[in-house]
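Comments concern the structure below.
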Amino acid sequence: MVRFPGKSPPPVKGTYNNKNRRRDTRKILVPHELLEKAIDGLDCLEYPHECAKKVVAELRRSGGKAYYLKENPKIILTTTSGNTSYNLQALDVKSLDEVLGFEFKPRFIFGNKVETDIPYGILENPPYECPDEVPRLVILYEDEGVAGSISELLYNVKPFNELFGRPVMTRLNYVKKKGSLEDALKPGNVTLLVASEKYLKSHLDEITQLKLKSFKLVRGRSLLQIINSTKFANLTDEQKQFFSANLVAALYFKAGCVPYGVVVPKCELCNVLQTSLYVGVALARGPNGYYKGVAFLMEGLGSVVNYVDTDEILKGSSMEFGIDEAEKFGNKIGEMVMEYKEKFGEGPENLYVVRSRAFASVEATEIKKRVEREIERKLNLIERFVWKKLKKDKIVFMSPYKTKYNIGDNRAIHVKSLSNYSNLWLVQPPSFRHAVRISYHNGNLDKRLPILAYLYLRWLDFTSLTMKRRSTIAPVTYAKRYLKWLTLQDKIKKWK
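Just so it is clear: in the sequence shown, position 315 is 455 by our numbering, and no numbers are missing.
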């Protein structure tokens, strides 16, 4: 569904307001390194987590906040370093700009080469790129008045109107009389379903099946957009402007267009990001255990090019991939990468496998091995030689997720893991209340790339242009949305 604005519409320029300034008075967690070699008879080299727990407990008893990082328990985040008997040394915290070497301030470029500071330029400018043949827009509606209002919003967006023309308007009752809703869902159409909350709830089973079918028609890019007309009717005129921008971008995306390109001045590494492929992996708990075999493949400009749906194979009691599951999943990813290479003539600069939950070393090792084998199997001798030289740098496992740590506005901390498996960034962009933890694994990677990939991918969710404090990134967001419908389908079956 299209993201609706909340009580207050998102800001048009910038994301820093008075509410954010009040946050600056809160206590900020400062990273410290624990220098003690032994605590209460415990060898801190042999039992680092136990030592960290004792230090954190004492710091909390003194009235402050304190946490340790599981990847490296020697790193303690605390507000009260002076109120402890243990030896803690404060670490240098750098600004995000200092870490990257420039200010990450994206600009948005459209099909007419116009650049803007905000993505809401989508209302005045054509999409960055589109396929030669754009699908027809069909609006299925329950209430003619609401559907007319939405159609008028779209008609007033000149670039959108020039691309799609007037939509085909069809009443839901008419479609039901002729057959079923599925009859209106075709590869040559992008379908906009406008219905009341009551209708959506009473037809939940049918709409769920319809939504899942829409993903399969074009290999992962849903052709169905759903609008809750009950919520739409309560929007103010100002909120409708933001709503229309989200809707226009979402419909462009579903039609196979790239609504806008993301350009970051002074960012040389961003060229690497734009020529890479991204596998967004979703994880959710359903009625039949954990669903962990769903992933979306996205290219560097933001187009979804394929997806993996191994729901029948990869359901289980564990959140992590078992060895057999990782083998099947890795093989599927390798197949998709080679299909992409055959279609576009060249492989990606890097392959990022991204999931909110951190990858265990066994998972990442097995998936990486299977992806590499599948790719090597389909390369010619010269390509295989080049691939073997580069493959250590090619596949990156990355896991960004929210924390409760406030390390200060526009700050970043790099932490090396004790396990030598993965490393970690704590990053707090300017508009965030808490830091995001980004764990990653690739020994030969420029350590700035995980931060850049995270910041860059946030802007590639074309279904919601309001970015303030949103920590999720495309294509993980797309995979999660698909998985939401998949788990809902199984829940409905169980209810029946």
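From the three backbone atoms N, C-alpha and C, an ideal C-beta is built for every residue, glycine too. Small disclaimer: the values here were computed from a predicted structure and weren't measured.
Whole-number beta carbon distance between residue j and residue i, since they are thought to touch under 8 angstroms
i      : j      : result
Ile215 : Leu228 : Not quite, the Cβ-Cβ distance comes to about 10 angstroms (not below 8 angstroms), so this is no contact.
Tyr292 : Ala335 : The amino acid at residue 292 is misidentified as Tyr; the sequence shows Glu. About 18 angstroms separates the two Cβ atoms, so there is no contact after all.
Glu255 : Phe244 : Their Cβ separation, rounded to whole angstroms, is 16 angstroms, which puts Glu255 and Phe244 out of contact at 8 angstroms.
Pro267 : Val398 : 6 angstroms
Thr220 : Ile632 : Rounded, the Cβ-Cβ distance is 51 angstroms, inconsistent with contact.
Tyr618 : Arg577 : Contact doesn't hold; Cβ gap of about 22 angstroms is too wide.
Cys410 : Leu600 : Not a contact, Cβ separation roughly 12 angstroms.
Residue i, buried or exposed, once every other Cβ within 10 Å from all chains shown has been counted against 16
i      : result
Trp565 : buried
Ser225 : exposed
Asp257 : exposed
Leu626 : buried
Glu408 : exposed
Arg361 : buried
Gly328 : exposed
Tyr492 : buried
Ile507 : buried
Leu199 : buried
Gly181 : exposed
Val567 : buried
Asn386 : buried
Glu465 : buried
Ser457 : exposed
Minimum C-alpha distance to residue i - residue among the options
i      : options                        : result
Val239 : Ser320, Asn550, Val493         : Asn550
Val445 : Ser458, Ala395, Gly456, Pro405 : Ala395
Tyr295 : Asn584, Leu623, Arg201, Glu264 : Glu264
Arg306 : Gly288, Leu321, Lys318         : Gly288
Leu236 : Thr376, Pro590, Lys508         : Pro590
Leu637 : Tyr480, Glu465, Leu363         : A query on residue 637 cannot be resolved here, the shown segment of the chain reaching from 141 to 636 and no further.
Thr310 : Glu302, Leu325, Pro299, Phe300 : Leu325
Ser611 : Ala575, Glu465, Tyr618, Arg513 : Ala575
Pro299 : Glu512, Phe250, Val330, Lys481 : Phe250
Sequence-distant residues of its chain with Cβ nearer than 6 angstroms to residue i (five each side left out)
i      : result
Leu597 : Ile613, Ala614
Ala192 : Tyr208, Pro213
Leu437 : Val419, Val445, Asn446, Met476
Val297 : Leu263, Val388
Ser384 : Leu293
Ala504 : Phe537, His581
His189 : Pro213
Val152 : Here Val152 scores only 43 on pLDDT, less than 50, and its place in the model is too uncertain to base an answer on.
Leu628 : Thr348
Pro271 : Gly396
Contact set for residue i: own chain, Cβ-Cβ below 7 angstroms, skip 5 residues either direction
i      : result
Phe304 : Val274, Leu277
Leu623 : Ala422, Ala424, Tyr431, Val434
Ala178 : Cys184
Lys634 : Pro427
Own chain partners of residue i with C-beta closer than 8 angstroms, once the 5 adjacent residues on each side are dropped
i      : result
Thr165 : Low per-residue confidence applies at Thr165: pLDDT is 44, beneath 50, and the placement is therefore not dependable, though the value from the model is reported in the following sentence. Hits under 8 angstroms: none found.
Asn158 : With a pLDDT of 41 at Asn158, under the threshold of 50, the predicted position of this residue should be treated as unreliable, though the coordinate-derived value follows. Around Asn158: no qualifying Cβ.
Met459 : Leu423, Tyr430, Lys432, Arg497
Glu302 : Pro266
Leu175 : Asn227, Leu228, Gln229
Test: residue i CB closer than 8 angstroms to a CB of chain D
i      : result
Thr219 : Considering every chain present, this structure includes no chain D. It has just one protein chain.
Those runs of the alpha helix (DSSP H) which lie wholly inside the segment 588-631 and span at least 4 residues: Segments of the alpha helix (DSSP H) lying fully in the segment 588-631: 589-598.
Entirely within the segment 241-286 and at least 3 residues each: give me those beta strand (DSSP E) ranges in chain order. The DSSP assignment places complete beta strand (DSSP E) segments of no fewer than 3 residues inside the segment 241-286 at 247-249, 276-281, in order along the chain.
Of all the beta strand (DSSP E) runs that stay within the bounds of the segment 170-213, which reach a length of 3 or more residues? List check, beta strand (DSSP E) in window: 170-174, 206-209.
Inside the segment 449-530 only - beta strand (DSSP E) runs reaching at least 3 residues: Taking only runs of at least 3 residues, the beta strand (DSSP E) segments lying wholly in the segment 449-530 are 491-495.
Could you give the uninterrupted runs of the alpha helix (DSSP H) lying entirely in the segment 334-391, keeping only those of 4 residues or more? Taking only runs of at least 4 residues, the alpha helix (DSSP H) segments lying wholly in the segment 334-391 are 337-342, 344-357, 369-373.
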